[in-house]
Each structure stands twice: as C-alpha cells, then as structure tokens.
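Each remark here refers to the structure printed beneath this line.
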Ligand code: GLU
C-alpha cells in the first residue's frame with residue numbers, strides 16, 4: 013500500500029502508544045505502574061457528569077454548530093476574561109476535540125510549506141508533527157535543566173527568520189513542568205511583537221501550579237500581543253475530563269472562522285452533550301480543581317523525594333503541571349532503551365525524553381495514585397541499581 017508522504021514521515025504519538033501498551037499489560041494481569049500519559053486518575057467531578065447526563069436526557073444528541081455550542085463559547089469567553097484578563101468575545105472562541113485539535117486546526121489554517129514554527133525543546137511531542145503535517149518546518153530551540161528549561165528573549169530573537177510564522181509557548185510545560193514567571197512572559201511578548209510573528213499559547217496546565225507560581229497569559233500583556241496571540245486550552249487536565257475530548261482556542265475572528273471551516277469538513281461539532289458538561293465545569297464550583305491540585309502537590313513531593321533518593325538520577329523541581337523530567341545520563345542508556353527495559357523488566361511505564369526532543373531524560377507523570385507512585389519509585393530504584 014502507498015501511504016501519503018505527509019503521514020508516512022510522522023511517527024505515532026509515543027505518549028499514547030506507551031499508555032496503551034501499559035493498559036494492555038494491565039489487562040493481561042500484569043501489575044504495571046503507569047507514569048506514561050498525563051492523565052489524572054480522578055473521576056470527572058459529579059456536577060459535570062450530572063450536567064452531561066441531563067443534556068442527554070434533554071435530547072442534546074444532535075448535530076451542533078461546528079464551532080461549538082453558543083452557550084459554551086460564551087462561557088469560555090467569560091472564563092478567559094475573568095481568569096486570564098483576555099478580552100475575547102464568544103465569536104473569538106472555537107470548541108475543539110480536546111486542546112490537541114485546537115492546535116492541529118490552527119497549524120493547518122496558518123502554516124504552509126516554507127513557513128517556520130519555533131518550538132522550544134523539551135516540547136510536547138505532537139507540536140513538531142502537527143507542523144510537519146501542515147508542510148511547515150519546525151525550528152527547535154534547545155533548553156537546559158540549568159536554565160529551568162526556559163528560553164530567553166535572545167534565543168527567541170535568534171531563531172526568528174523572515175519565514176517564521178508562529179512561536180509555540182507552553183507554560184506550565186509538558187514535559188518539564190516549568191512555568192515562565194510573568195516578567196519572562198512579558199519579555200518574550202516584546203520579541204513577538206517587534207518581530208511581527210504570531211504566538212500560540214498552550215495553557216492546558218494553567219490551573220496546576222505549585223510553590224506560589226503565577227500563570228500569566230501572554231495575550232494579556234498588551235493589546236499589541238493580544239492581536240497576534242492564539243490561546244489554546246481544554247478541560248482534560250484541570251477537570252479530569254481526558255476522555256471527554258473538549259478543548260478550545262481563542263483567537264482573532266478570521267482565524268476562528270478558518271478553523272471552523274476546517275472542522276466543518278473534518279470532525280464537525282464536538283460531542284454535543286459533552287459540551288454541556290464543559291459548561292457546568294466552568295460555571296460550577298471550582299473546588300474540585302483545587303482539591304485535585306492539592307493532591308498533585310502531595311504526589312509531586314513524593315516523586316521528588318523518591319528521585320532524590322536514587323543515586324544517579326536528578327530533576328529540577330517543577331512548579332506546574334504533573335510531570336517530572338529526569339536526567340538519566342549517568343546510566344549511559346539511551347532514553348528509548350531505558351524506558352523499554354524499565355517497562356519490560358520492572359513493569360514501570362515512562363516516556364523517553366527523545367520523544368520530547370531531549371535525549372538523556374525521561375518523563376514521569378505523577379497524576380497517579382500514591383500507592384502506585386511508591387511502588388513505581390521502588391522499582392525504578394532497583395532498575396537503576398541493576399544497570
Ligand atoms: N498530553 C498528554 C501527555 O503528554 C496526553 C497524551 C497526549 O495527548 O500526548 O501525556
């Protein structure tokens with residue numbers, strides 16, 4: 013069979029592949045500790061589920077507008093105004109199949125062959141592949157743990173060429189958990205404005221912050237940056253709604269209309285009754301979000317203590333999301349080999365740094381229960397000692 017080169021050149025998503033393998037091993041009766049996909053282990057809060065059930069009973073089972081239910085677009089616009097100081101109106105919002113589709117849509121409607129997209133590494137592994145699927149060129153800026161895995165304005169400026177169209181900013185970051193302080197966001201915004209490029213701000217982890225870290229949406233820095241910003245987010249991480257597939261982007265109307273056109277020819281609307289659950293998520297009590305954040309904070313401490321106790325492993329202290337990005341170079345193993353052997357020999361699932369553009373590291377998600385965390389850390393220690 014001949015596959016189109018556009019798909020043949022792209023690898024499968026390793027986060028999804030490793031998570032699926034771990035689940036299949038569990039289904040086979042193996043005792044697997046899965047630190048792979050970033051998926052909260054909590055159930056979706058009851059009020060959100062109740063709203064979706066009610067919508068089902070009320071017959072919200074039909075096609076809806078490709079850009080999303082008007083009531084959800086309005087609720088998202090209010091959330092962005094209130095929480096993020098971003099002056100979006102409902103027509104600036106598009107509801108998508110998870111945050112992932114908002115990024116895919118955007119890149120499809122904005123990027124074409126010859127265009128460059130700047131992506132700091134370590135990056136979430138789908139960004140460069142989405143750029144390639146659009147025929148564009150990812151331009152990677154490597155960062156170091158010693159620099160907190162954050163780029164400087166000078167690094168951003170140096171990566172910009174006349175072909176640069178878009179800069180991808182992700183804070184809090186997947187896979188490192190680092191958060192750009194507001195002053196650094198402002199400095200990056202200045203470079204974007206002076207260089208006349210666009211920025212997409214992936215804010216899916218904005219609610220998961222620790223140690224007093226502050227999230228500043230880059231679009232809120234000034235009217236100049238606001239007009240060249242796309243804000244992307246979703247419900248999966250903060251509300252534990254990974255399987256619901258509800259995300260969104262907010263952007264200038266012309267872009268939103270182009271993205272809606274793409275959805276009109278591809279996926280159509282996001283599951284109608286799921287969108288009513290999302291409205292309840294935004295409009296109901298935010299207490300469940302804080303309860304889950306506090307649980308993640310405890311788990312972060314458990315995993316950081318566990319890693320610190322394993323000779324040869326180290327990681328910076330993340331102040332957002334639910335990942336630790338661990339330096340494994342002392343083992344002399346490539347990250348792919350490390351993760352394959354760790355899963356086969358000790359039934360611990362982790363994602364190789366190579367998938368995130370950072371060889372010599374692995375990512376562990378600690379969005380998992382404390383018993384599995386303790387057990388997985390014990391096995392990781394034995395694995396490293398055995399090398
Ligand atoms: N974004 C999550 C992760 O990085 C879920 C899997 C995926 O979509 O990549 O683990």
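Numbering (the working numbering), first residue to last: 13 to 399. Cβ coordinates follow ideal geometry from the N, Cα and C atoms, glycine included.
Would you call the CB atoms of residue i and residue j closer than 7 Å?
{"i": "residue 288", "j": "residue 63", "result": "yes"}
{"i": "residue 423", "j": "residue 52", "result": "What is shown of the chain runs 13 to 399, which leaves residue 423 out entirely."}
{"i": "residue 110", "j": "residue 259", "result": "yes"}
{"i": "residue 26", "j": "residue 292", "result": "no"}
{"i": "residue 232", "j": "residue 98", "result": "yes"}
{"i": "residue 137", "j": "residue 242", "result": "no"}
{"i": "residue 338", "j": "residue 350", "result": "no"}
{"i": "residue 281", "j": "residue 67", "result": "no"}
{"i": "residue 319", "j": "residue 327", "result": "yes"}
{"i": "residue 47", "j": "residue 352", "result": "no"}
{"i": "residue 132", "j": "residue 155", "result": "yes"}
{"i": "residue 332", "j": "residue 360", "result": "no"}
{"i": "residue 96", "j": "residue 239", "result": "no"}
{"i": "residue 330", "j": "residue 57", "result": "no"}
Would you report the Cα separation of residue i and residue j, rounded to the nearest angstrom?
{"i": "residue 135", "j": "residue 44", "result": "26 Å"}
{"i": "residue 124", "j": "residue 85", "result": "28 Å"}
{"i": "residue 94", "j": "residue 323", "result": "46 Å"}
{"i": "residue 375", "j": "residue 183", "result": "16 Å"}
{"i": "residue 23", "j": "residue 50", "result": "19 Å"}
{"i": "residue 148", "j": "residue 205", "result": "22 Å"}
{"i": "residue 223", "j": "residue 20", "result": "43 Å"}
{"i": "residue 177", "j": "residue 92", "result": "24 Å"}
{"i": "residue 383", "j": "residue 356", "result": "20 Å"}
{"i": "residue 385", "j": "residue 32", "result": "19 Å"}
{"i": "residue 144", "j": "residue 152", "result": "13 Å"}
{"i": "residue 164", "j": "residue 197", "result": "10 Å"}
{"i": "residue 269", "j": "residue 120", "result": "13 Å"}
{"i": "residue 70", "j": "residue 30", "result": "38 Å"}
Per DSSP, what kind of secondary structure is residue i in: helix, strand or coil?
{"i": "residue 373", "result": "strand"}
{"i": "residue 136", "result": "coil"}
{"i": "residue 259", "result": "strand"}
{"i": "residue 337", "result": "strand"}
{"i": "residue 186", "result": "coil"}
{"i": "residue 351", "result": "helix"}
{"i": "residue 102", "result": "helix"}
{"i": "residue 298", "result": "coil"}
{"i": "residue 269", "result": "helix"}
{"i": "residue 108", "result": "strand"}
{"i": "residue 242", "result": "strand"}
{"i": "residue 293", "result": "helix"}
If you count every other CB in all the chains shown that lies within 10 Å of the CB of residue i, and 16 or more means buried, which is it?
{"i": "residue 227", "result": "buried"}
{"i": "residue 122", "result": "buried"}
{"i": "residue 75", "result": "exposed"}
{"i": "residue 17", "result": "exposed"}
{"i": "residue 304", "result": "buried"}
{"i": "residue 15", "result": "exposed"}
{"i": "residue 112", "result": "buried"}
{"i": "residue 174", "result": "exposed"}
{"i": "residue 65", "result": "exposed"}
{"i": "residue 249", "result": "buried"}
{"i": "residue 364", "result": "buried"}
Less than 6 Å separating the Cβ of residue i from some heavy atom of ligand 1?
{"i": "residue 49", "result": "yes"}
{"i": "residue 380", "result": "no"}
{"i": "residue 182", "result": "no"}
{"i": "residue 188", "result": "no"}
{"i": "residue 56", "result": "no"}
{"i": "residue 108", "result": "no"}
{"i": "residue 27", "result": "yes"}
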